[in-house]
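In order, the protein sequences belong to chains A and B.
FYI, the numbering for the first sequence is 3 to 54, going by the numbering used here.
FYI, the numbering for the second sequence is 4 to 739, going by the numbering used here.
Backbone N, C-alpha and C fix where the C-beta goes; we use that ideal spot for every residue, glycine too.
Heads up: the structure comes next, in structure tokens.
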Amino acid sequence: MNILVYLIPISLFLGGIGLAAFVYTLRSNQYDDPEGDSRRILSDEWDDHPKP
Amino acid sequence: MTSVLRPSFSACPACSAAPAATDAAQAQAAQAAKGDARLMLSVPGVHCAACITKVERGLMAHPGVSAARVNLTLKRATITAAPDIEPAEMIALVEGLGYEAHELDAAALRATATDRAGRELLMRLAVAGFASMNVMLLSVAVWSGAADATRDMFHWISAAIALPTIAFSGQPFYRSAFHALRSRRLNMDVPITLAILLAIGTSLWETALSGHHAYFDAALTLVFFLLAGRYLDHRTRAIARSAAEELTALEVPRAWRLDGAGETQVAVAELRVGDRIRVRPGGRMPVDGVIVQGTSELDRSLLTGETHPVFAGEGQAVSAGEMNLTGPLTLRATAVGSDTSLHRMADLVAVAEAGRANYTSLADRAAKLYAPGVHILSALAFLGWLIGTGDMRTALNIAAAVLIITCPCALGLAVPAVTTAASGRLFKRGMLIKHATALERLAEVDTVVFDKTGTLTTGTPTLEAPEGLDPQALSVAAALAAGSSHPLSRGIDDAARRLGITPADLRDIREVPGYGTEALWDGRRVRLGRASWTGAAPLPQTATFLQLGEGAPLALRFADTLRTGAAEAVEALRSAGKQVMLISGDSPPAVQAMAERLGIPEWQAEALPEGKAARIQELTDAGQKVLMVGDGLNDTAALSAAHVSISPATALDAARAASDIVLLGADLSPIADACAIAQSATRRIRENFQIATVYNIVAVPLAVAGLATPLIAALAMSSSSIIVSLNALRLKGGRR
Numbered sequence: 003m004n005i006l007v008y009l010i011p012i013s014l015f016l017g018g019i020g021l022a023a024f025v026y027t028l029r030s031n032q033y034d035d036p037e038g039d040s041r042r043i044l045s046d047e048w049d050d051h052p053k054p
Numbered sequence: 004m005t006s007v008l009r010p011s012f013s014a015c016p017a018c019s020a021a022p023a024a025t026d027a028a029q030a031q032a033a034q035a036a037k038g039d040a041r042l043m044l045s046v047p048g049v050h051c052a053a054c055i056t057k058v059e060r061g062l063m064a065h066p067g068v069s070a071a072r073v074n075l076t077l078k079r080a081t082i083t084a085a086p087d088i089e090p091a092e093m094i095a096l097v098e099g100l101g102y103e104a105h106e107l108d109a110a111a112l113r114a115t116a117t118d119r120a121g122r123e124l125l126m127r128l129a130v131a132g133f134a135s136m137n138v139m140l141l142s143v144a145v146w147s148g149a150a151d152a153t154r155d156m157f158h159w160i161s162a163a164i165a166l167p168t169i170a171f172s173g174q175p176f177y178r179s180a181f182h183a184l185r186s187r188r189l190n191m192d193v194p195i196t197l198a199i200l201l202a203i204g205t206s207l208w209e210t211a212l213s214g215h216h217a218y219f220d221a222a223l224t225l226v227f228f229l230l231a232g233r234y235l236d237h238r239t240r241a242i243a244r245s246a247a248e249e250l251t252a253l254e255v256p257r258a259w260r261l262d263g264a265g266e267t268q269v270a271v272a273e274l275r276v277g278d279r280i281r282v283r284p285g286g287r288m289p290v291d292g293v294i295v296q297g298t299s300e301l302d303r304s305l306l307t308g309e310t311h312p313v314f315a316g317e318g319q320a321v322s323a324g325e326m327n328l329t330g331p332l333t334l335r336a337t338a339v340g341s342d343t344s345l346h347r348m349a350d351l352v353a354v355a356e357a358g359r360a361n362y363t364s365l366a367d368r369a370a371k372l373y374a375p376g377v378h379i380l381s382a383l384a385f386l387g388w389l390i391g392t393g394d395m396r397t398a399l400n401i402a403a404a405v406l407i408i409t410c411p412c413a414l415g416l417a418v419p420a421v422t423t424a425a426s427g428r429l430f431k432r433g434m435l436i437k438h439a440t441a442l443e444r445l446a447e448v449d450t451v452v453f454d455k456t457g458t459l460t461t462g463t464p465t466l467e468a469p470e471g472l473d474p475q476a477l478s479v480a481a482a483l484a485a486g487s488s489h490p491l492s493r494g495i496d497d498a499a500r501r502l503g504i505t506p507a508d509l510r511d512i513r514e515v516p517g518y519g520t521e522a523l524w525d526g527r528r529v530r531l532g533r534a535s536w537t538g539a540a541p542l543p544q545t546a547t548f549l550q551l552g553e554g555a556p557l558a559l560r561f562a563d564t565l566r567t568g569a570a571e572a573v574e575a576l577r578s579a580g581k582q583v584m585l586i587s588g589d590s591p592p593a594v595q596a597m598a599e600r601l602g603i604p605e606w607q608a609e610a611l612p613e614g615k616a617a618r619i620q621e622l623t624d625a626g627q628k629v630l631m632v633g634d635g636l637n638d639t640a641a642l643s644a645a646h647v648s649i650s651p652a653t654a655l656d657a658a659r660a661a662s663d664i665v666l667l668g669a670d671l672s673p674i675a676d677a678c679a680i681a682q683s684a685t686r687r688i689r690e691n692f693q694i695a696t697v698y699n700i701v702a703v704p705l706a707v708a709g710l711a712t713p714l715i716a717a718l719a720m721s722s723s724s725i726i727v728s729l730n731a732l733r734l735k736g737g738r739r
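Have a look at this one:
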């Protein structure tokens, strides 16, 4: 059962990464326009070069 | 515009709000440095990826625009442009692309303020989700047979995760429960808080004594599901609030004040009694006042429902909200702000609204039965076990299990899930639910009362039977009407254009404000305007008169233009078995014609504002549930008196504020659908309550008998919550 010493911190750490990623998306206003963002990917506006 | 992620983690909501404020300040500073202004347009027509690209590309093509972004969720375009760019120019640009656009007063939209509460809730939800999943995984080990030291270790780790999470994520419940208790009431949050705290407390105690059962996972799942319901509820309201704010922002309240130096543009709020104010043709009266200079015609339809424009001359009193049609007017303000007749109507509204406050939502009714029941049940279980076994520890454990099992997870989700689905569906059809219980009330409606002017009709008149008129006369009329912005002139212009008639060649065209237009045609004097001015006898119907030289004046009659979907809405409501009525302040012939055109059997004309409200009160007293659809100031009292009310987005601010639902588009046909959706939503809510009740009937005896292990609690709670959510979503996929 000594493996638990590694496994539990690892699982908590991985979960923490997910939480931190969510906090990042929340803070960078990525939920302001969910409908628009889901459609924007269909636009071919910036297909050739990235948006400046 | 994205803000940079800051590594600082703050311990209080105010601290986390501070970075947002600095962001906003920095953004403004950056704009000020570049000298750019930020404009906001409401673009209700955008609906697809191609629309976004088209509008953004179109705006960016303008040399003065440095950035443009369309928000599809809010149907808004944010434009960063050089300071000399006028909003009107941008609106013309977007309209040129084929989309309706309106200016928004950016100051009235506090985007960050409304968003902060939602973000805070989402953050708590995320933390609760993270913690509950981890603790659930640790619990799986315990359920599958971990024993002794391993079980204790898992329990301690669970406790270490659960305690800070409960402290952080549960705050909305603690606060609400505290407020309820302080005012000596019981709400849903009291049993929730008690369950969470008791579960955590007994679990800690059990863990310390290396016991078998700990409810950390159950407490966390409970918080997670309840926060999910809370967040859905918040989002539905935030969308409604932001759309309502947007409607207010659409009316940029400015007036032109005359002083020594000339005209200055000021905010309406700054006007004082005695100020002289210039109102241009096409503008609304900002205050009550007396005309000191100029003659014109006034459109009073928003206040009285009359479609016929009235003459306005020096010395005449005008009220706020009336529209100036032909000539510039100078007013001396006699009442401003809350003293104007627009605001005096508020008293009527307040009286009428007292009746509506009596409505208790289904959720409140459920909570009223539920909260005391839960407490009594768990107290009885505690006492029973304490007396039966004499063991405090077992009794407390049982009480915690009962509280957790009965906790209104499913109830907390039952209503928000359905209202979110239903409001989302209605919002897509252009209906904005402003009031929390409006959906439930809409489902009960059996009588629909319509206002005429501005609700069933667009308020823009069309020329009646232009084919029957002498083309030559029509060409003269069209030429006379061409330069005027008067609604009747626009009607003549449209009719002539539709028939392909070219305007006659006129000389010396002169608009006489308040009377009409005159000119010279082949050396003869021709006039288009009011009956008295052209020497004709006035007609009961909306009409203008054309006088060619010395001949008898020719009457040009007008009919109201029906709003799109008006006929369909009336038809669908009638076929759904609802009683439809038309109550208007307009003259009887006009109202009768409209009622016959739409097939509305009951109508009432020349109704005063009090009369409308009284009629609705009569219907209500007779046990009918009335839906009032109206737009004008004269409808405001009736809108508040009705069981539920709808107003179009073009309505006056006061009317929109008094109504529960706002129709965002120009189309009326969603009204009938809305009733059907509301009925289906209420049915789902009831079903969800039934599911939750069945679940409680099955699970509570287990808990009271002491058979509810943490595994059973976790399974029962999650499955009932998921079933309830799925049932709510059925609304979206079900019909059409």
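I'd like the span of the beta strand (DSSP E) that includes residue i, first residue to last.
| i | result |
| --- | --- |
| M43 (chain B) | A40 to S45 |
| G286 (chain B) | First-last for G286 (chain B): undefined, no H or E at that position. |
| V647 (chain B) | V647 to P651 |
Is residue i buried or exposed, if buried means 16 or more other CB atoms sit within 10 Å of its CB?
| i | result |
| --- | --- |
| R528 (chain B) | exposed |
| L328 (chain B) | buried |
| D663 (chain B) | buried |
| I725 (chain B) | exposed |
| I5 (chain A) | exposed |
| L642 (chain B) | buried |
| A654 (chain B) | buried |
| I43 (chain A) | exposed |
| D511 (chain B) | exposed |
| A357 (chain B) | Here the model assigns A357 (chain B) a pLDDT of 49, short of 50, so the residue's position is not dependable and the matter cannot be decided. |
| T115 (chain B) | With a pLDDT of only 47 at T115 (chain B), under 50, the local geometry of the prediction cannot be trusted, and the value read off the model is given with reservation. It counts as exposed. |
| G554 (chain B) | exposed |
| V339 (chain B) | buried |
| C410 (chain B) | buried |
| I19 (chain A) | exposed |
In the DSSP assignment, what are the bridge partners of residue i?
| i | result |
| --- | --- |
| V73 (chain B) | B:A80 |
| P464 (chain B) | B:D563 |
| D262 (chain B) | B:G265 |
| R303 (chain B) | Its beta-bridge partners do not exist; DSSP assigns none. |
| F548 (chain B) | B:G532 and B:A558 |
| V293 (chain B) | B:A320 and B:R335 |
| V452 (chain B) | B:M584 and B:M631 |
CB residue i to CB residue j, shorter than 8 angstroms?
| i | j | result |
| --- | --- | --- |
| I2 (chain B) | L466 (chain B) | The question about residue 2 (chain B) has no answer here: the residues shown for chain B are numbered 4 through 739. |
| S135 (chain B) | T205 (chain B) | no |
| I603 (chain B) | V629 (chain B) | no |
| R689 (chain B) | A731 (chain B) | no |
| V271 (chain B) | P289 (chain B) | yes |
| V46 (chain B) | V68 (chain B) | no |
| L107 (chain B) | I82 (chain B) | no |
| I280 (chain B) | G297 (chain B) | no |
| Q544 (chain B) | D449 (chain B) | no |
| G457 (chain B) | L667 (chain B) | no |
| M63 (chain B) | A71 (chain B) | yes |
What is the residue span of the alpha helix (DSSP H) that residue i lies within?
| i | result |
| --- | --- |
| T168 (chain B) | D151 to S172 |
| A482 (chain B) | P474 to A484 |
| Q595 (chain B) | P591 to L601 |
| A58 (chain B) | It is worth fixing the name first, because residue 58 (chain B) is Val in this sequence and not Ala. Looking at the DSSP string, the run of the alpha helix (DSSP H) that includes V58 (chain B) is A52 to M63. |
| L445 (chain B) | A441 to A446 |
| R493 (chain B) | P490 to L502 |
Check the Cβ-Cβ distances between residue i and every residue of chain C, and say whether any is below 8 angstroms.
| i | result |
| --- | --- |
| L28 (chain A) | In the structure shown, chain C does not exist; the protein chains are A and B. |
* Using Cβ-Cβ distances below 9 angstroms, what residues of the stretch 676–708 of chain B are close to chain A? -> none
* chain B contacts from the stretch 8–35 of chain A (Cβ-Cβ distance under 9 angstroms) -> I10, S13, L14, G17, G18, G20, L21, F24, V25, Y26, L28, R29, S30, N31, Q32, Y33, D34 and D35
* Near-chain A residues of the stretch 129–140 of chain B - C-beta to any C-beta below 8 angstroms -> A129, V130, F133, M136, N137 and L140
* To do: Give, in chain order, every residue of the stretch 60–94 of chain B whose Cβ lies closer than 8 angstroms to some Cβ of chain A.
  => R60, V73, N74, L75, T76 and L77
* To do: Note down, in chain order, all residues in the stretch 40–55 of chain B with a beta-carbon under 8 angstroms from any beta-carbon belonging to chain A.
  => C51, A52, A53 and I55
* Asked: When Cβ atoms are compared, which residues of the stretch 146–173 of chain B fall closer than 7 angstroms to chain A?
  -> T153 and I160
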